[in-house]
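Each number in this note's numbering comes from the position in the sequence shown (counting from 1) with 2 added on.
All C-beta atoms in this analysis are idealised placements derived from N, C-alpha and C, irrespective of residue type, glycine included.
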Amino acid sequence: MTPDDIDVWVGLDVGKSAHHAHALDHDGNTLYDKPLKQDEKAIRTMLGKLSKHGRVLLVVDQPNTIGSLPLTVARNMGIAVAYLPGTAMRRTAQLLPGDAKTDRRDAHVIAWAALKLPETLRDAGPDDETLAALKLLAGHDEDLAHESTRHVNRLRSLLLQTHPAFERALKGERITRDATLALLERYGGPMGVKRAGIEDVKDWAKSNGLRAGRIIDDMFKAIGEQTVTVPGTGMAETIIPSIARDIKAIKDRRREVGRQVEKLLGDHPLLTVPASMPGIGVRTASNILLGIGGDIANFKSAAHLAAYAGIAPAAGQSGTSIKGERPSRRGNKRLRNALWQSSFVASTKHPPSIAYYKRKREQGKHHNAAVICLARRRCDVIYSMPKNGTLYQEPALVA
3 MTPDDIDVWV
13 GLDVGKSAHH
23 AHALDHDGNT
33 LYDKPLKQDE
43 KAIRTMLGKL
53 SKHGRVLLVV
63 DQPNTIGSLP
73 LTVARNMGIA
83 VAYLPGTAMR
93 RTAQLLPGDA
103 KTDRRDAHVI
113 AWAALKLPET
123 LRDAGPDDET
133 LAALKLLAGH
143 DEDLAHESTR
153 HVNRLRSLLL
163 QTHPAFERAL
173 KGERITRDAT
183 LALLERYGGP
193 MGVKRAGIED
203 VKDWAKSNGL
213 RAGRIIDDMF
223 KAIGEQTVTV
233 PGTGMAETII
243 PSIARDIKAI
253 KDRRREVGRQ
263 VEKLLGDHPL
273 LTVPASMPGI
283 GVRTASNILL
293 GIGGDIANFK
303 SAAHLAAYAG
313 IAPAAGQSGT
323 SIKGERPSRR
333 GNKRLRNALW
343 QSSFVASTKH
353 PPSIAYYKRK
363 REQGKHHNAA
373 VICLARRRCD
383 VIYSMPKNGT
393 LYQEPALVA
């Protein structure tokens with residue numbers, strides 16, 4: 003639907019218990035300006051009245067959580083919907099007189115932006131059960147990842163405070179391995195491990211099917227590097243097993259989320275396309291799918307997709323003194339992160355991607371810039387695969 007197809011532009015400033023709606027016609031005249039409850043009947047009544055004036059476009063400032071019901075009701079009534087991002091809304095508000103911050107003015111700003119600046123609008127989110135489920139799972143997985151990071155940081159802090167050498171022995175991903183967490187849950191910190199002795203620890207690990215021989219050796223080597231006991235070590239030893247247990251539980255929950263995402267894989271054909279590329283797992287594929295709104299036809303070209311993701315360079319020019327390109331600071335955050343992270347993985351695991359990344363580094367680009375260049379190249383492939391109805395095939399990556 004194009005702006006020429008619309009007769010009524012409705013801006014809805016959404017709230018937890020109530021919204022404020024402001025509707026404009028072609029000439030900018032106000033057709034509706036009232037608060038309404040967070041209630042299907044109230045929303046349906048308002049949209050029904052405005053539909054008498056012609057075709058309606060409902061624009062919200064929050065497409066998730068508190069904005070989900072208005073969008074669902076509008077779609078059920080056959081009314082077009084869109085979303086005005088917060089940054090665009092704030093900039094639009096600066097174009098209008100006044101500096102008050104009220105629900106009524108916000109609703110007017112949303113409606114005015116929809117009428118006068120339709121290019122600022124974005125897709126309001128998935129109107130598809132599979133995509134909606136993926137979005138919820140992706141959000142839940144992101145929350146679990148943040149929770150896991152918080153627990154790991156706390157665990158490292160305790161170890162670093164009481165026994166720095168022991169913490170160094172568990173550098174990187176070592177500290178979150180199942181074997182490491184099982185040992186910390188059973189024995190606590192370095193003092194508990196030391197009391198048990200290396201033979202008992204190895205016997206217990208072996209009897210429980212843990213591959214931890216090298217980790218255990220490094221633990222005891224680190225323990226031997228410190229002879230003093232830091233104050234608070236005893237209490238830390240009682241806290242560490244609890245944190246290790248929590249991290250294990252979060253990892254199990256994330257695995258379950260991954261299984262649920264894989265189960266949805268077969269319900270959306272497009273999801274299998276990006277997942278066929280090197281560096282893209284199920285979680286990343288689902289974020290790419292959500293980022294493009296479930297349909298690659300939303301984009302006119304691969305360049306359009308790259309610009310939307312924020313991985314296309316932004317030109318900078320002013321007179322004769324400034325001329326060049328710089329990384330874009332805009333774009334869809336979910337899609338940009340998914341493309342960047344998958345490209346980073348590919349630059350370390352996938353031979354053609356490694357070669358392309360190295361060429362960009364040899365050309366003088368920094369690490370991040372080289373990864374973005376690779377992401378831009380992979381964006382062409384991601385765009386073309388669903389268009390051609392094919393899965394990934396090894397391309398000849400050239401600079």
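Neighbour-count burial assignment, residue i, 16 or more Cβ in a 10 Å radius
{"i": "ASP108", "result": "buried"}
{"i": "SER345", "result": "buried"}
{"i": "ALA401", "result": "Caution applies to ALA401, whose pLDDT of 49 falls short of 50 and renders its modelled position unreliable; the value that the coordinates give is listed next. ALA401 is exposed by the Cβ-count criterion."}
{"i": "GLY234", "result": "exposed"}
{"i": "HIS369", "result": "exposed"}
{"i": "ASN390", "result": "exposed"}
{"i": "GLU239", "result": "buried"}
{"i": "VAL230", "result": "exposed"}
{"i": "LEU139", "result": "buried"}
{"i": "PRO99", "result": "exposed"}
{"i": "GLY174", "result": "exposed"}
{"i": "ARG261", "result": "exposed"}
Beta-carbon proximity list for residue i, same chain, < 7 angstroms, skipping 5 on both sides
{"i": "ILE242", "result": "LEU157, LEU160, LEU186, GLY190 and GLY191"}
{"i": "ARG338", "result": "ALA311, GLY312 and ILE313"}
{"i": "LEU183", "result": "ALA246, ILE249 and LYS250"}
Residues near residue i in its chain [Cβ-Cβ closer than 6 angstroms; skip 5 each side]
{"i": "THR94", "result": "VAL111 and ALA115"}
{"i": "GLY13", "result": "HIS24, VAL61, ALA109, ILE112 and ALA113"}
{"i": "MET279", "result": "TYR394"}
{"i": "THR164", "result": "VAL232, THR235 and ALA238"}
heavy atom of the ligand COA below 8 angstroms from residue i C-beta
{"i": "GLY88", "result": "The model depicted lacks the ligand COA and carries no ligand whatsoever."}
Given residue i as reference, the closest of the options once Cα atoms are compared
{"i": "ASP143", "options": "GLY281, ASP254, ARG176 and THR132", "result": "ASP254"}
{"i": "ARG57", "options": "MET79, THR67, LYS36 and LEU212", "result": "MET79"}
{"i": "ARG170", "options": "ALA102, ASP220 and PRO353", "result": "ASP220"}
{"i": "GLY281", "options": "GLY174, GLN228, LYS362 and ALA348", "result": "ALA348"}
{"i": "THR104", "options": "GLN343, GLY17, ALA309 and LYS204", "result": "GLY17"}
{"i": "ARG361", "options": "ALA372, GLN163 and ILE81", "result": "ALA372"}
{"i": "PRO72", "options": "ASP27, HIS21 and HIS55", "result": "HIS21"}
{"i": "SER303", "options": "ASP9, ARG197, CYS381 and GLU396", "result": "CYS381"}
{"i": "GLY293", "options": "LEU133, GLY88, ARG378 and ASN210", "result": "LEU133"}
Helix, strand or coil at residue i [DSSP, three-state]
{"i": "TYR394", "result": "coil"}
{"i": "LEU98", "result": "coil"}
{"i": "ALA401", "result": "Below a pLDDT of 50, predicted positions are generally treated as unreliable, and ALA401, at 49, falls in that range; the measurement from the model is reported next regardless. Correct three-state label for ALA401: coil."}
{"i": "PRO192", "result": "helix"}
{"i": "THR32", "result": "strand"}
{"i": "VAL373", "result": "helix"}
{"i": "LYS118", "result": "helix"}
{"i": "VAL75", "result": "helix"}
{"i": "LEU60", "result": "strand"}
{"i": "ALA198", "result": "helix"}
{"i": "LEU14", "result": "strand"}
Test: residue i CB closer than 9 angstroms to a CB of chain D
{"i": "ALA299", "result": "Judged by its chain identifiers, the structure shown contains no chain D, having just a single protein chain."}
Same chain only: Cβ atoms within 8 angstroms of residue i, ignoring 5 sequence neighbours per side
{"i": "PRO353", "result": "none"}
Q: Could I get the ranges of all uninterrupted alpha helix (DSSP H) runs contained in the segment 111-165, with 4 residues as the minimum, in chain order?
A: Entirely contained in the segment 111-165, the alpha helix (DSSP H) runs reaching 4 residues are, in chain order, 131-164.
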